[in-house]
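**Q** Attaching a single structure in structure tokens format; questions to follow.
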Amino acid sequence: MEGVATLGLGHFWAQADALIRFTAYALLAMSVGSWFLILWKTWSWLRMRRAARQIDQFWSAHSLDEAIALLKPLDREGLFVPLAAGAAAAVQAPSGEGTLAAQTDRSDLLTRALRQRINEAAARLESGLTFLASVGSTAPFIGLFGTVWGIYHAMINIASTGTIAIEKVAGPVGEALIMTAFGLAVAIPAVLAYNAFTRVNRIILAQLDGFAHDLHAFLTVGSRPATETGAGHGGA
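Be aware that the sequence shown starts at 1498, since it is given in the working numbering, and climbs by one per residue.
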């Protein structure tokens, strides 16, 4: 009983070979990277949510340049301001007579500029999600590899002694169980975070799309469609 009582994480780590330790370090690196992305993207989302709630200040300005200046300190993540600035640049860009730009409809130029900014924002929002998805899908299998290796060591110990003794198999089996738990502990937060951020990104992109629709209407027709305001700029 005294020998069993001394078994613990320190004992298992001391008995682990180089492959088990490498697997544990790989899972640890994946966990650190996942939690860094989770905390960073959560903070980023909170700032974007705060900026989305202040969109009405944009429309309270007297000119487009003033509106962009009002929104810039609030939009610290740089999603809404580039959209408005790109729209302003598209309608103010000079087009010489006979050029392709002069022959293109102003509404089409504005739509193209807004769509380009939304695509850039979508790429920024999706950054890091591939890593979270990769961790969530591979970490359990990396932990399973450590589990198989631990069971293999247990079988080797049994074969070398010819008898099944708890002190011979406790270490390798303990390694196997710990690696399984470690793999799941790394994968579960990454999967949950990936699903949460995917949903958050859809909400933010919907707000950007609504803001772009309002900008397009304002710069082409001269008025902001009142019926789209509530749907386009709802809180995240």
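C-beta atoms are modelled at their ideal positions from N, C-alpha and C, and glycine is treated no differently.
Taking the CB atoms as reference points, tell me whether Thr1644 and Met1676 lie closer together than 7 Å.
**A** Counting from 1 along the sequence shown, the entry for residue 1644 is found at position 147. Counting from 1 along the sequence shown, the entry for residue 1676 is found at position 179. The answer is yes: Cβ separation under 7 Å.
**Q** Quick check: what's the CA-CA separation for Ala1709 versus Leu1524?
**A** As a first step, residue 1709 must be located in the sequence shown, where it is residue number 212. As a first step, residue 1524 must be located in the sequence shown, where it is residue number 27. C-alpha separation (whole angstroms): 42 Å.
**Q** Which residue wins for smallest C-alpha separation from Ser1541, given the options Gly1575, His1559, Ala1684?
**A** Here residue 1541 refers to the residue found at position 44 of the sequence shown. Selected option, being the one with the closest Cα: Gly1575.
**Q** Assuming Leu1716 and Leu1607 form a contact by the criterion Cβ under 8 Å, report the distance between their Cβ atoms to the nearest whole angstrom.
**A** Residue numbering aside, residue 1716 sits at position 219 when the sequence shown is read from its first letter. Residue numbering aside, residue 1607 sits at position 110 when the sequence shown is read from its first letter. So it is a contact: roughly 6 Å between Cβ atoms.
**Q** Using DSSP with H/G/I as helix, E/B as strand and the rest coil, what is Ser1528?
**A** Translated into the one-based positions of the sequence shown, residue 1528 becomes position 31. In this structure, Ser1528 counts as helix in the three-state DSSP scheme.
**Q** Where Gly1593 and Ala1587 are concerned, what is the direct C-alpha to C-alpha distance, given to the nearest angstrom?
**A** Position 96 of the sequence shown, counting from 1, holds the residue named residue 1593. Position 90 of the sequence shown, counting from 1, holds the residue named residue 1587. Any reading at Gly1593 must be qualified, since the residue scores a pLDDT of 49, below 50, and its modelled position is unreliable; the value itself is stated next. Rounded to whole angstroms, Gly1593 to Ala1587 spans 14 Å at the Cα level.
**Q** Going by DSSP in three states, His1710 sits in which element: helix, strand or coil?
**A** Here residue 1710 refers to the residue found at position 213 of the sequence shown. DSSP places His1710 in helix when its eight states are reduced to three.
**Q** Which same chain residues end up closer than 6 Å to Ser1624 when comparing Cβ atoms and leaving out the 5 residues on each side of it in sequence?
**A** Taking the sequence shown and counting its residues from 1, the one referred to as residue 1624 is at position 127. Once the five neighbours on either side are set aside, Ser1624 has no close Cβ partner at all.
**Q** Of the choices Asp1562, Leu1681, Arg1573, whose alpha-carbon is the least far from that of Ala1581?
**A** By one-based count along the sequence shown, residue 1581 stands at place 84. If we check each option's Cα against that of Ala1581, Asp1562 comes out closest.
**Q** Residue range of the alpha helix (DSSP H) that Ala1564 falls in?
**A** Walking along the sequence shown from the start, residue 1564 turns up at place 67. Here the alpha helix (DSSP H) through Ala1564 covers 1561-1568.
**Q** Would Ala1636 pass as a contact of Val1683 if the rule is Cβ separation under 7 Å?
**A** Residue mapping note: residue 1636 aligns to position 139 of the sequence shown, counting from 1. Residue mapping note: residue 1683 aligns to position 186 of the sequence shown, counting from 1. Closer than 7 Å, so yes.
**Q** From Ser1531, Tyr1691, Phe1694, Phe1679, pick the residue whose C-alpha is nearest to that of Ala1521; which is it?
**A** Walking along the sequence shown from the start, residue 1521 turns up at place 24. For Ala1521, the nearest C-alpha among the options comes from Phe1679.
**Q** Is the beta carbon of Leu1568 less than 7 Å from the beta carbon of Phe1555?
**A** By one-based count along the sequence shown, residue 1568 stands at place 71. By one-based count along the sequence shown, residue 1555 stands at place 58. Yes, these two residues count as a Cβ contact at 7 Å.
**Q** Count the other CB atoms within 10 Å of the CB of Trp1537; is the residue buried (16 or more) or exposed (fewer)?
**A** Walking along the sequence shown from the start, residue 1537 turns up at place 40. Label assigned to Trp1537: exposed.
**Q** Would you kindly report the start and end of the unbroken alpha helix (DSSP H) that includes Asp1572?
**A** Here residue 1572 refers to the residue found at position 75 when the sequence shown is read from its first residue. Careful: Asp1572 lies outside any alpha helix (DSSP H) and carries neither H nor E.
**Q** If you run the structure through DSSP and keep just helix, strand and coil, what is Ala1618?
**A** The sequence position of residue 1618 within the sequence shown is 121, counting from 1. Ala1618 falls in the helix class under three-state DSSP.
**Q** Tell me whether Leu1576 sits in a helix, a strand or coil according to DSSP, three-state version.
**A** If you number the sequence shown from 1, residue 1576 lands on position 79. Leu1576 falls in the coil class under three-state DSSP.
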